[in-house]
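Protein chains in written order, with our numbering: chain A, 1 to 159; chain B, 1 to 159; chain C, 1 to 159; chain D, 1 to 159. Even glycine gets a Cβ: it sits at the ideal position worked out from N, Cα and C.
Number of protein chains: 4
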Amino acid sequence: MPKVLIVYHSKTGNTRAMAEAVEEGVRSEGVDVVRKGVEEASLDDLLAPEGIIIGTPTYFAGATAEIKKLIDESIKHFRKLEGKVGAAFASSGDLGGGSETAILDILRAFLVHGMVVPGFTSGGHYGPVSVGSPDQERKEVCVAFGAKVAKLVKSLFGE
Amino acid sequence: MPKVLIVYHSKTGNTRAMAEAVEEGVRSEGVDVVRKGVEEASLDDLLAPEGIIIGTPTYFAGATAEIKKLIDESIKHFRKLEGKVGAAFASSGDLGGGSETAILDILRAFLVHGMVVPGFTSGGHYGPVSVGSPDQERKEVCVAFGAKVAKLVKSLFGE
Amino acid sequence: MPKVLIVYHSKTGNTRAMAEAVEEGVRSEGVDVVRKGVEEASLDDLLAPEGIIIGTPTYFAGATAEIKKLIDESIKHFRKLEGKVGAAFASSGDLGGGSETAILDILRAFLVHGMVVPGFTSGGHYGPVSVGSPDQERKEVCVAFGAKVAKLVKSLFGE
Amino acid sequence: MPKVLIVYHSKTGNTRAMAEAVEEGVRSEGVDVVRKGVEEASLDDLLAPEGIIIGTPTYFAGATAEIKKLIDESIKHFRKLEGKVGAAFASSGDLGGGSETAILDILRAFLVHGMVVPGFTSGGHYGPVSVGSPDQERKEVCVAFGAKVAKLVKSLFGE
């Protein structure tokens, strides 16, 4: 059974609430999932899962330094993540805006790793975005996102 | 047998030379391939293939207006391209620079279409880039790129 | 007295409504302004003004092909636009999303031209965005944006 | 007399060598300049200077986490940097590629701060890029870049 790792960075709880909904979506497809805050995720956590999903708040129109630190250090496993599925989501706070470029920051890193990145025809083309705390509709978007990523993982790595 | 469409825009012949090498790579994986200049490609050409590869010269750090026109008009087939594989490559000329953002312009459009986009650990992380006419080494990068895209198409859609 | 050119592309009227509000803002600073639809703007219109503002609908997370065509052809005046002020705004429609990257597409082209690009602490950091027709609040954002761009033009080129 | 702050992150010395050349360029215009490694720069260093230049290595097609940390924390001074001039440069190493998006990451943060960002018609449109250690030609590009940024600072803030 394929596995998905969800790593998120959350200061206010909004990104964590999104991560929980994404986890529910992945699990609904019968795919194993581990969800970790960025402070407890280790580099070696990136190796086993066939799918990696990263969630970030939007700081200055980008992913946070904490998420970027994980990405920078993932150079340790360069070429070992090739072919895995990568996806991302973002919350944004008072500042507003920039969530799409924050998600794209993470997707670009996945592409550098040679990973496979899906887009979405609804609910955020690059991945879900929530302004502030995700309401029920946003949570459903996150669940649907998690399910779609899990389906792609199954298509590529078997059930 | 899955099919791949290569659409390219070429004024000087550099992007066409890249497209020919990409075609060779796709074909080497036993995948059907059609290669068309952007001026002869129709919107309905986008429907049948399981993989779409677009090549562009770099104009002002972006894809050309001709390529963007095809992308804009592809709204006609919105949601019908979902799940297909998308990839892109770019040449750049005298102005230099901007090829990576030109490729990312195209990849973003593929993500909006809900397509699946692979990255690469070598030879241009987002897709091949050639400054001027592609030399033998660049052509080999294009061949390897075409083969990788074809492999992903086969993984997702069967041989 | 310095001059500002506003070029916009509008199919539904939303981007034109934004352009009119931006024009009002520029004019409020005592700066000359010419506003043209992209279909009536000529390349030589880019030469005289000290500030150039471009407005676009969001198509596939980017500026439209019509706007990109103007940008591509502006190569004719490469190095002649250096030091001018450049700014951009975008509307988005049913598809939702992508307006920030659409604005950034245009700003990148301005940077390639060696132009000077201001950011904004409120009302859209890269420039104003309107989902659908701009309401009164959005129009005020556009007016404030036009005024700020005009002020920068005056700082750099005198009153 | 206006002041420029140069903050750089350097592990191998390449970005520092670029920073030194940029400093020389700023100084050649009679503008005061302070150059600091990111580990010794404080948030309050951002307040006084009329121009801020940031240099970064390219990690996963973006600025490093250390640079992003400085940017994230600069929220402390949000709205206080408005109108200042911002510019950026990047080195890239073995991985190759991504330097333009790394520079754009920083420029986007400057735009969120309401700063003013110049582009360049030569030597890297968004700012200088060096693959590995900067050779004499690359150093001259950095000197010219520093001088141009200093000139814009003088245009906006007086000599």
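Could you give the C-beta distance for residue i and residue j, rounded to a whole number, given that I count them as a contact under 8 Å?
i: L156 (chain A); j: L156 (chain B); result: 7 Å
i: I71 (chain D); j: A109 (chain D); result: 5 Å
i: V38 (chain B); j: H77 (chain B); result: That pair is no contact at about 16 Å.
i: F145 (chain B); j: V22 (chain B); result: 6 Å
i: V4 (chain C); j: V112 (chain C); result: Incorrect: roughly 20 Å between the Cβ atoms, too far for contact.
i: A90 (chain D); j: P118 (chain D); result: Not quite, the Cβ-Cβ distance comes to about 16 Å (not below 8 Å), so this is no contact.
i: G127 (chain D); j: T101 (chain D); result: That belief does not hold up - the Cβ atoms of G127 (chain D) and T101 (chain D) are roughly 12 Å apart, past 8 Å.
i: I103 (chain D); j: A88 (chain D); result: 5 Å
Can you tell me whether residue i is helix, strand or coil according to DSSP?
i: L152 (chain D); result: helix
i: S133 (chain D); result: coil
i: R35 (chain D); result: strand
i: T58 (chain B); result: coil
i: F89 (chain A); result: strand
i: G97 (chain A); result: coil
i: G51 (chain A); result: strand
Going along chain A, which residues have a C-beta under 8 Å from residue i?
i: A109 (chain D); result: F60, A61 and G62
Below 8 Å on C-beta distance, what does residue i contact in chain B?
i: E100 (chain D); result: A61, G97, G98, E100 and T101
i: G105 (chain C); result: Per the sequence shown, the amino acid found at residue 105 (chain C) is Asp instead of Gly. Neighbours of D105 (chain C) on chain B, chain order: G62 and D105.
i: D45 (chain C); result: Under the 8 Å cutoff, chain B gives no residues; its nearest Cβ is about 17 Å from D45 (chain C).
i: L5 (chain A); result: Going along chain B, no residue has its Cβ under 8 Å from L5 (chain A), so there is no contact; the nearest lies around 18 Å.
What residue does the beta strand (DSSP E) around residue i start on, and which one ends it?
i: L5 (chain B); result: K3 to Y8
i: P128 (chain B); result: No beta strand (DSSP E) contains P128 (chain B), which DSSP labels as neither H nor E.
Which residues of chain A have a Cβ atom closer than 9 Å to the Cβ of residue i, listed in chain order?
i: G114 (chain B); result: P118, G119, F120, T121, S122, H125 and K148
List the residues of chain B that residue i touches, going by C-beta distances under 9 Å, in chain order.
i: I71 (chain C); result: Y59, F60, G62 and A65
i: R79 (chain A); result: T121 and S122
What are the boundary residues of the alpha helix (DSSP H) that includes residue i?
i: C81 (chain A); result: According to the sequence displayed, residue 81 (chain A) carries Leu and not Cys. Run containing L81 (chain A): none; DSSP gives neither H nor E here.
i: T15 (chain D); result: N14 to S28
i: E66 (chain D); result: A65 to E73
Which bits of chain A does residue i rub up against, with CB to CB less than 7 Å?
i: L152 (chain B); result: V116
Could you name the residues of chain C that residue i contacts, counting a contact when the two beta carbons are closer than 9 Å?
i: S74 (chain D); result: Here the premise fails: no neighbours, minimum Cβ distance about 12 Å.
Residue i touches chain D at which residues, Cβ-Cβ below 8 Å?
i: E82 (chain C); result: T121
List the residues of chain C that residue i touches, going by C-beta distances under 8 Å, in chain order.
i: S155 (chain D); result: S155 and L156
Name, please, each residue of chain C whose Cβ falls closer than 7 Å to the Cβ of residue i.
i: K11 (chain B); result: Ordered by position in chain C, no residue passes the 7 Å Cβ test against K11 (chain B), which lies about 11 Å from the chain.
Under 7 Å Cβ-Cβ, which residues of chain B neighbour residue i?
i: K139 (chain C); result: Going along chain B, no residue has its Cβ under 7 Å from K139 (chain C), so there is no contact; the nearest lies around 26 Å.
Exercise for review: Below 7 Å between beta carbons is the criterion; list the residues of the stretch 29-43 of chain B that meet it against any residue of chain C, in chain order.
Suggested key: Within the stretch 29-43 of chain B, not one residue has a Cβ closer than 7 Å to any Cβ of chain C.
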